[in-house]
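One structure is given here, and the rest of the page talks about it.
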Amino acid sequence: MSDTPLISVRDLSVHFGVRGGGLGKKPVVRAVEGVDLDIEKGSFFGLVGESGSGKTTLGRALLRAVPITRGDLTYDDGEKQYDLAAIEKADLKDYRTRAQLIFQDPYAALSPRMTVRDIIAEPLEVMGITASKAETDERVREIAAKCRLNLEHLRRFPHAFSGGQRQRISIARALVSRPRFVVADESVAALDVSIQADVLNLLKDIQQEMGLTFLFISHDLSVVAHVCDHVAVMYLGRLVETAPTRELFANPRHPYTRALLSAIPSLDPDDDSVVDKLEGEIPSPTNPPPGCKFQTRCRFAVDRCRTEEPILDHAAHQHNVACHRWQELVEVFEAEDAAAKERSDKRHAAAGKAMAKGKAASGAGASSTAKTRGKAKPKSKGKSKDK
């Protein structure tokens with residue numbers, strides 16, 4: 097990967113005015129607030145958080161699909177460089193051939209009156225990328241094949257396809273312009289779990305084949321773990337933790353990240369290792385709490401958290417966390433994890449003993465039955481027929 101990030105964000109904020117509200121000052125939604133972020137070329141970057149955390153707004157800001165209130169936002173793919181915070185209209189058209197969005201809902205994103213061929217070809221025609229119908233058709237067939245769609249599929253309408261197939265059509269439409277940067281906004285959330293893995297594997301294969309950079313937005317950390325190499329955690333418009341995926345899952349430093357990881361369902365039905373549970377809802381972005389935005393739901397909050405906003409602090413290599421107490425909480429988290437492991441070990445040991453005892457009892461019963469059968473009384477001799 098190049099040393100220069102594909103996307104570089106500094107102090108990015110996106111605010112929206114709220115209609116209504118009567119007389120006086122109109123309330124403002126602080127959807128994104130003071131975000132610093134670098135997305136490296138060729139990475140599969142995950143952005144996670146609960147609904148209402150600002151993930152979608154941040155993704156659309158990087159595509160320049162929503163107005164930016166303040167901050168610096170740059171794009172550099174080695175061929176083109178753009179100051180996206182002050183981009184001109186002509187450059188914005190070119191940028192949108194290089195940056196595309198995969199929508200969440202494959203059912204609502206496709207026009208029922210267009211064939212699959214026309215749906216995929218639409219970006220090429222609208223943006224004037226191809227010079228002829230023959231060139232357009234060639235590009236459509238090429239990307240359709242990459243997305244595991246055949247020529248027969250191109251002649252059909254969206255209603256003829258399943259959810260997974262429709263999402264592959266959406267992916268093909270997003271990639272037909274040969275972008276460098278793709279925002280996938282909850283792109284598998286509307287699909288059955290059995291289909292999600294197929295779509296995720298397709299995205300990963302295409303990313304490696306085409307050298308794409310992905311921003312993968314999701315509320316599901318288990319999905320993010322499957323495809324992403326780096327993760328940022330967002331809460332109420334702010335980034336609270338960023339790290340390589342393995343590092344984040346192994347050593348979460350922010351209480352919110354830890355709570356999200358604890359919420360991932362365990363395959364063990366008797367698992368009691370969950371030590372963090374989120375209580376309550378995210379505060380309103382029109383009236384966020386002072387200080388740390390997570391302090392109203394954090395069991396470790398102190399007075400400083402209620403008055404002073406934390407900034408991202410370096411915790412380890414490529415690992416940053418926005419928490420006043422993250423250093424002292426390391427030992428707390430380690431102690432809680434050790435206690436949870438001890439409980440788990442004791443539970444599994446007890447289960448193992450019970451199973452062994454059951455097998456022993458079963459074996460003893462079988463042996464006793466065999467002995468009883470072996471001691472069966474001999475048959476009595478009948479009277480002699482000789483006279």
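Residue numbers for the sequence shown follow the working numbering, beginning at 97 and rising by one.
Cβ coordinates follow ideal geometry from the N, Cα and C atoms, glycine included.
State the DSSP-derived secondary structure class of residue i, mapped to helix, strand or coil.
i    : result
I265 : helix
S480 : For S480, the predicted structure reports a pLDDT of 45, less than 50, and the residue's modelled location is therefore unreliable. A value from the coordinates is still provided. Here S480 sits in coil by DSSP.
P340 : strand
I278 : Sequence check: residue 278 is Val here, not Ile. Three-state DSSP puts V278 in a strand.
Q391 : coil
H415 : strand
E129 : strand
G142 : strand
Y203 : coil
T309 : strand
F257 : coil
G174 : coil
F345 : helix
A195 : strand
M223 : coil
R156 : helix
G150 : coil
Looking at the C-beta of residue i, does it have a partner C-beta in chain D at a distance below 8 Å?
i    : result
H420 : Within the model displayed, chain D is absent; a lone protein chain is all it includes.
When we look at the beta-carbon of residue i and count the other beta-carbons within 10 Å, is it buried (16 or more) or exposed?
i    : result
H410 : exposed
H249 : buried
L247 : exposed
L188 : exposed
V60  : Not covered by the structure: residue 60. The range shown for the chain is 97 to 483.
K437 : exposed
L108 : buried
E424 : exposed
V144 : buried
D179 : exposed
Which value, in whole angstroms, describes the spacing of the CA atoms of residue i and residue j?
i    : j    : result
K455 : V279 : 55 Å
K122 : V114 : 6 Å
E377 : N383 : 13 Å
M330 : A182 : 25 Å
C324 : L159 : 20 Å
S228 : N297 : 33 Å
S290 : S207 : 25 Å
P385 : E305 : 45 Å
D372 : A355 : 5 Å
M451 : C388 : 49 Å
A285 : S314 : 8 Å
P379 : K151 : 15 Å
E238 : Y352 : 43 Å
V295 : E184 : 35 Å
V236 : A217 : 6 Å
M210 : N416 : 46 Å
A256 : D134 : 41 Å
Could you round the C-beta distance between residue i and residue j to whole angstroms and report it? I think they count as a contact, below 8 Å.
i    : j    : result
H350 : W422 : 7 Å
F199 : F312 : Actually they are not in contact, since the Cβ atoms of F199 and F312 sit about 14 Å apart, beyond 8 Å.
L245 : I265 : 7 Å
P348 : L357 : 6 Å
R194 : P275 : 5 Å
E432 : H420 : That pair is no contact at about 19 Å.
T153 : V110 : 5 Å
R393 : L374 : 6 Å
E343 : A412 : 7 Å
Check this for me: beta carbons of residue i and residue j, under 8 Å apart or not?
i    : j    : result
G333 : P406 : no
F112 : V131 : no
Q261 : L287 : no
V320 : G142 : yes
R269 : I302 : no
P340 : Q292 : no
A397 : L408 : no
L317 : I360 : yes
D281 : L197 : yes
R213 : D168 : no
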